[in-house]
C-alpha cells in the first residue's frame, strides 16, 4: 500500500474583503469637504470605488479638511488653475496655489500639467495614480508614520476587490510581460525586439529608478517578501522629467539593465506598457505576492489588462521528478504539481501540492516510480519563463511561441482599442452604484 500525505493546494486566493456601498447621508459625522473629495474619487471616470467606509477612511487620512476644501474643486481630465479654484472656494489665489502645490508637487496626490510657472491641476485615480505617485517619491528607509497609515488604508481599500468592476474580457490589454533573459536564449529565433529587455532599453536615452510601490506597501502591512524593492524603472522623456523634479533618481542604461537583471535573479518578472513607439515608458519588476496587477488576477480572477503571452511553457511531464521548483517560482500560481500513481497501487490517495512551496517527494513503489502531472493554468500565465529557468537540473520545461501579438504602435492606438471595453466597464460600475 502506498499512502500519500494530503496537502493544501499552492494557490488558494483569499476572498475579497466585503464591500458595503453607502450613500452620502450615511456619514453625518464626516466633514462635507471630505465627503466631496470621496465622491470625486469614487467616480467611474477615475475607476474609483463606490462610497464606502474604506474610501472615507482613506480620504480623511489623505488630506486634512482645509486641503479637502481646495481639492474638491478639481475634476479629472479638466485641469484648473489656482485662480479658478480660489474663486470657487472663495479664498485668495496665493492660498489656493500653496495648497495645490503641496498636494501635487510634494505629495503626488493630484497631477500638475502645463508650464512650471503657470501650472494647472486635476484629479487622478487612486490606482493607477495616487497610490503610485505618493509612494514612489519616498525613500523606503525614511517612511513617515503618515506613509505607513496611507499604505495600510490603501491595502484595505484594494482588498475589497472594487477594481474588478472595471475589467471585462473585451478590455484592451495595457501591460505586457517580457520573458526573463535566460529564457529568451531558448526562443531567440522567434523573439521580437519588443520581447527583449535590452532592445527595449536601447530605444531610450534617459533612465530613472524608484522604489516599487506595491512591495513598499506590502512591507508596511507586514507582508514583506524580502525581494529587491528599488527597481521601478521609468524611461525616455518620462525619466528625464521625473528625475528633474526629484521624484526618482536618474541612472545609466547599464545601471538600469543591472537592476532589472538582479530583479530576475530574485524571481521577479519585468513588464512594459503595451505600447511600442513612445517617447516615454515604464517598467516595474513584479512578484505575485505584492504586485497589485498580478494579485488582481490571482485573487480576483480579472486578467483582462494583461496582453496574451508571446511564449508559453511546455513540460515533458513524463520526466517530471515532482521537485516543485516551477510551481514555487511562478508569480501567478499558474503551475501545480500533482503526484499520480499507477492504479495497481491500491490504497493510494491523491496528493495536492504543498502551499507556498515544493510538494514532498512521493514515495516510490519498488520497480514502479511515482509519476507526476504537470498542471498549467494557461489563463493565469504571463509567459515570463521563470519556470523554465528554474527547472534545474532536469531542464524538462521549455518556452515555445504562443502568438505573435505585437504591442500597440502608439498611445492613440491603445486608447482607440481600449475605449469600447473601458466604456462598458464604466457603465457596469455606474449601474451597480446605490
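In this note's numbering, the protein residues as written are 250 to 683. Even glycine gets a Cβ: it sits at the ideal position worked out from N, Cα and C. Small disclaimer: the values here were computed from a predicted structure and weren't measured.
Within the continuous beta strand (DSSP E) that includes residue i, where are the two ends?
i, result
"residue 650", "646-650"
"residue 369", "369-371"
"residue 531", "529-532"
"residue 485", "481-485"
"residue 564", "560-564"
"residue 421", "Premise fails: residue 421 is in no beta strand (DSSP E) and is neither H nor E."
"residue 382", "Run containing residue 382: none in the beta strand (DSSP E); it sits in the alpha helix (DSSP H), 380-384."
"residue 518", "518-522"
Expressed to the nearest angstrom, what Euclidean distance is found between the alpha-carbon atoms of residue i and residue j?
i, j, result
"residue 566", "residue 667", "38 Å"
"residue 559", "residue 654", "7 Å"
"residue 448", "residue 517", "19 Å"
"residue 577", "residue 641", "13 Å"
"residue 672", "residue 588", "45 Å"
"residue 286", "residue 318", "8 Å"
"residue 608", "residue 388", "Legend: pLDDT at residue 608 = 37, less than 50; position of this residue unreliable, no value from coordinates given."
"residue 623", "residue 475", "28 Å"
"residue 344", "residue 539", "39 Å"
"residue 355", "residue 496", "9 Å"
"residue 630", "residue 583", "6 Å"
"residue 426", "residue 457", "20 Å"
"residue 501", "residue 493", "15 Å"
"residue 366", "residue 349", "13 Å"
"residue 378", "residue 481", "15 Å"
"residue 423", "residue 408", "22 Å"
"residue 573", "residue 411", "33 Å"
"residue 536", "residue 314", "37 Å"
"residue 268", "residue 473", "25 Å"
"residue 532", "residue 347", "33 Å"
Among the options, which one has its Cα closest to the Cα of residue i?
i, options, result
"residue 463", "423, 543, 500 and 312", "543"
"residue 569", "643, 426 and 557", "643"
"residue 428", "276, 475, 650 and 546", "650"
"residue 508", "489, 495, 530 and 479", "479"
"residue 521", "450, 587, 583 and 337", "450"
"residue 527", "288, 656, 328 and 472", "656"
"residue 525", "549, 455, 445 and 493", "445"
"residue 635", "628, 647, 626 and 627", "647"
"residue 627", "563, 327 and 296", "563"
"residue 380", "633, 670 and 308", "308"
"residue 320", "633, 682 and 359", "359"
"residue 396", "681, 311 and 304", "311"
Is it the case that the Cβ atoms of residue i and residue j are separated by a distance below 7 Å?
i, j, result
"residue 519", "residue 534", "yes"
"residue 453", "residue 484", "yes"
"residue 678", "residue 414", "yes"
"residue 421", "residue 477", "no"
"residue 323", "residue 372", "yes"
"residue 402", "residue 306", "yes"
"residue 386", "residue 357", "yes"
"residue 316", "residue 331", "no"
"residue 329", "residue 369", "yes"
"residue 281", "residue 291", "no"
"residue 295", "residue 325", "yes"
"residue 455", "residue 489", "yes"
From the DSSP output, in three-state form, read off residue i for me.
i, result
"residue 453", "coil"
"residue 573", "coil"
"residue 295", "helix"
"residue 459", "strand"
"residue 674", "helix"
"residue 277", "coil"
"residue 308", "helix"
"residue 549", "helix"
"residue 348", "helix"
"residue 361", "strand"
"residue 630", "coil"
"residue 625", "strand"
"residue 325", "strand"
"residue 636", "helix"
"residue 681", "helix"
"residue 661", "helix"
"residue 493", "helix"
"residue 267", "coil"
"residue 586", "strand"
"residue 667", "helix"
"residue 434", "Model confidence at residue 434 stands at a pLDDT of 48, short of 50, so the residue's coordinates are unreliable; what they give is reported in the following sentence. Correct three-state label for residue 434: helix."
"residue 641", "coil"
"residue 499", "strand"
"residue 472", "coil"
"residue 289", "helix"
Starting from residue i, trace the alpha helix (DSSP H) both ways and give me its first and last residue.
i, result
"residue 510", "502-514"
"residue 319", "314-320"
"residue 403", "394-407"
"residue 331", "331-338"
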